[in-house]
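Residue 167 in my numbering sits at position 61 of the sequence shown, with consecutive numbering throughout.
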Amino acid sequence: MVKLIRIVSEDNANFIANLEAGVPLTENASIALQNLTFENNFSSLKVGVKNRVVNFNLDTNNDQDGIPDQNTPPASQQPNPPFTTGTSYLDSVNYDATNYQDLYTDLQAKLNNTLSVNASATAVNTQDIYGSFIVDTETDPNRPIIRFKYSPLTLLFNTNQLNVREPKKNELFRVSTDAANTLTLDVDKTNVNTRLLNNIAQFATNTATSLLKNYAASFGTTGQWCKGSAFYGCSVYNNVNNADADDTNGFGIGLSYTDISSYNPNQTFEMKQEWRDYEILIEKSDATYRFISPKVANTEESPTPAVLPFKYDISTDTNQQVHDRIVFQRNNGIIKGVIWTSEASGGSRYELFSYILPDADINKPLYPYLWIKGATATTTIGRPIYTPNTLDINNLESNEQFQISGRQQGIGGSTGDPNNWFEDIEGGAAFDSILPVINNNRMKIPFTLQEATLSLDTSVLKFMGFDIKGQQGEYFFGDADTYMNSKPGLIQKAGICGFNIQGTLDTEFINSDNYVVLLDSNPLQSYDASKFNYGQISANKEPNEMRGRRLNILATIPKNDNSGYLEFVAEVPTFIDLDNKYPQQLKNIRVRVVDKDLNPISTLGTSIITLLVKDE
């Protein structure tokens, strides 16, 4: 005989039935699950005023007092003065299974907004090397990884070790070609121990043009501009007027949201106006510098007041170190276009534009480019350099050891010029007061003089799968290791000149599940071997993964989507023995639903379960 029992619950799938009359059962009865309906309330996170702060400090000293389990390093191993902490704020949003990916996107953006290299030697001491964050959801979708990595100042066509970059191996930029598949720009790749290395001009056989058909653009994911703190600049090595029209003079450098190098280069192909998102250009030397920024999209503008070139003629001012510099800087989520000149003692800085990146653009890749219109006798771009994207989320191993970007920013290494680009242009203190201060040693092995700290609210970290105990509040990661490894137990793989932080728990809202229905009121002939100790193995015994235990499992239900809704109907109910040797009255029934790890679940609204009881 089969009997049906229906139970409803509004208590997180905990079902309780008290049957006053009871259900009489003969010996050796059995029970089965016929159907089950509930809505799972997946993990949720409400980001607001109290938990939206994101802090990062590349190297802490006394300001790390009070951080748990951290010892203050000696002053000799810290920047002087200590770095200030970069701060940004997550968007105030409620996250759940429907939009959790938006949290990772926002977190990556706000982590990068904490990064800033000193805008000048007299600015607030923030960082002394460029770098970026990514929130990696590709490697392990169940456990996102926060990755940080340095980005060195890098030559476009030579490595900083002075080797010529090789196509399809470690190239960062590609030069356009004409209809005959001939390169349109001549890049100096041979003057390895001089400041002429990577100077760029048209070939002597080319003529001045008003068309933007002679250009170079960054190539591939690593070729993108760094998304954290970043730099792109060049010198005006030579730019003298020709006798032709104004727009046949000069050159420009810029940043584009379009991967220009992906277009077919093997034809006469002019750069399109809509590709020019950020740009600084110079035409005739007696005319003002001009710029493009997203404030007036893809449109050339003149600064007010005008900024005229100061040093630009190599035949007149033979010391190229004091020539004008065209510079893009990205700090704290702001991109600035700047001109440096040596007209004042210590240098003069003219800001052409400042653009705060909106949230929609913070994570977008930017591709550096340059173009030349003037002929080789009149126009040469002086030794451009930039910070590439060292973190390729789609192929992290491609640059894990800085195989593409290079891992040092001292141009020339042990032989030749040992300085970075900023040190290389000081030119007798001509730019001393406006140059960022960069530490070449941070890229070297070994270098144990740092203690980076990252702090996020525990509610955010728990939502991402970090097993953090205690109350809500700020939680710090930090380590003084050369490679900046994260705290033990929270790291999957150490980054080179960076760190990787990963939680130890799967995030519920992105996983399929396997719900377990337990009958707590009656013993069943059911067993579980999902764990190996159950808290019962003595200290003298090795854990045994095959060790199981009796557990009153009525049914298991696989769930293969993240909707949260479960409507289960057993096509053929499976009856489990109740293990009653004698007749009994079934009066009190307690059933609960747990997740695959046997943890309680949270439900919304009313849950319904139907049981079938069979006896002889």
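The beta-carbon is built from N, C-alpha and C at its ideal position, and this holds for glycine as well. Source: prediction; values computed, not measured.
Which listed residue (the options) has its alpha carbon closest to that of residue i
i    : options                : result
L259 : K442, F357, N505, T493 : T493
A661 : S511, W527, L717       : L717
T482 : E677, L387, T313       : T313
T410 : T394, I420, T424       : T394
T211 : N469, Q691, D498       : N469
Q379 : D392, I398, E389, S391 : I398
D419 : A412, N345, Y363       : N345
I432 : L560, F357, F239       : F357
G192 : P400, S198, K720, N219 : N219
A285 : E376, S257, T300, N347 : E376
A351 : A635, S391, F508, R158 : S391
Y461 : A403, V697, A535, S561 : A403
Q426 : N266, D563, F537, V199 : F537
A196 : V699, P415, S565, L268 : According to the sequence provided, residue 196 is Leu. The question's Ala does not apply to it. Among V699, P415, S565, L268, the Cα nearest to that of L196 belongs to S565.
Y343 : A310, R301, Y369       : R301
S539 : S561, N658, W446       : W446
Residues of its chain near residue i, where Cβ-Cβ distance is below 6 Å and the 5 sequence neighbours each way are ignored
i    : result
S115 : F121, S713
F144 : A119, L672, T709, S713
P209 : For the sequence presented, residue 209 should be read as Leu rather than Pro. Cβ within range, chain order: Y201.
P664 : N620
I306 : L291, V293, I487
Sequence-distant residues of its chain with Cβ nearer than 8 Å to residue i (five each side left out)
i    : result
L361 : W331, Y338, D383, Y384, E385, F434, I441, L472, Y473, P474, Y475
N500 : E244, T327
L612 : Before going on, a small fix: residue 612 reads as Asp here, not Leu. Closer than 8 Å at Cβ, skipping near neighbours: N248, R249, G571.
K479 : A314, T315, S316, L317, L318, N320, D353, T354, N355, G356, F357, E389, T485
N264 : V270, R271, K295, V298, L303, N304
C603 : K255, Y256, F508, R513, R548, M549, Y589, M590
Per DSSP, the bridge partner or partners of residue i
i    : result
V566 : None; V566 has no bridge partner.
T123 : What sits at residue 123 in the sequence shown is Ala, not Thr. Beta-bridge pairing links A123 to I695.
T296 : Answer is none; T296 lacks a bridge partner.
G339 : V433, I491
V444 : V433, E457
F583 : L560
E673 : T143
N99  : This structure does not reach residue 99, given that the chain is present from 107 up to 722, and the question cannot be answered.
I462 : I440
Residue i beta carbon near the ligand ATP (any heavy atom closer than 7 Å)
i    : result
N205 : As presented, the structure is devoid of all ligands, the ligand ATP included, so that no description of it is given.
Delimiting residues of the beta strand (DSSP E) encompassing residue i
i    : result
T709 : 709-720
K378 : Counting along the chain, K378 falls outside any beta strand (DSSP E), and DSSP gives it neither H nor E.
T662 : 659-665
R509 : A small correction: the amino acid at residue 509 is Gln; Arg does not occupy that position in the sequence shown. First-last for Q509: undefined, no H or E at that position.
T405 : T405 -> no beta strand (DSSP E), and no H or E assigned at all.
F144 : 136-146
V114 : 108-115
C603 : From DSSP, C603 is part of no beta strand (DSSP E); its letter is neither H nor E.
P474 : 473-478
R253 : 251-257
R280 : 279-281
A322 : 321-324
Y195 : 192-195
For residue i, three-class secondary structure by DSSP
i    : result
L624 : strand
T485 : strand
A286 : coil
D165 : coil
V678 : coil
V428 : helix
K156 : coil
Y400 : Tyr is not the amino acid found at residue 400; the sequence shown has Pro there. In this structure, P400 counts as helix in the three-state DSSP scheme.
D242 : strand
L502 : helix
R382 : coil
I359 : strand
T354 : helix
R301 : coil
I643 : Because I643 carries a pLDDT of 39, less than 50, the predicted location of this residue cannot be relied on, and the following value inherits that uncertainty. Residue state, collapsed to three classes: coil.
I388 : strand
I306 : strand
R656 : strand
N-terminal and C-terminal residue of the alpha helix (DSSP H) that residue i is part of
i    : result
W527 : 527-530
I745 : The structure shown does not extend to residue 745, since the chain is modelled only from 107 through 722, so no value can be given for it.
L217 : 206-218
Own chain, CB closer than 7 Å to residue i, minus 5 neighbours either side, in chain order
i    : result
N297 : L303
N437 : S222, V223, A225, S335
E457 : K442, V444
F239 : Q214, L217, N218, I252, R253, F254, G334
L497 : S238, I240, R253, K255
F279 : L262, F263, A322, A323, S324, F325, G329
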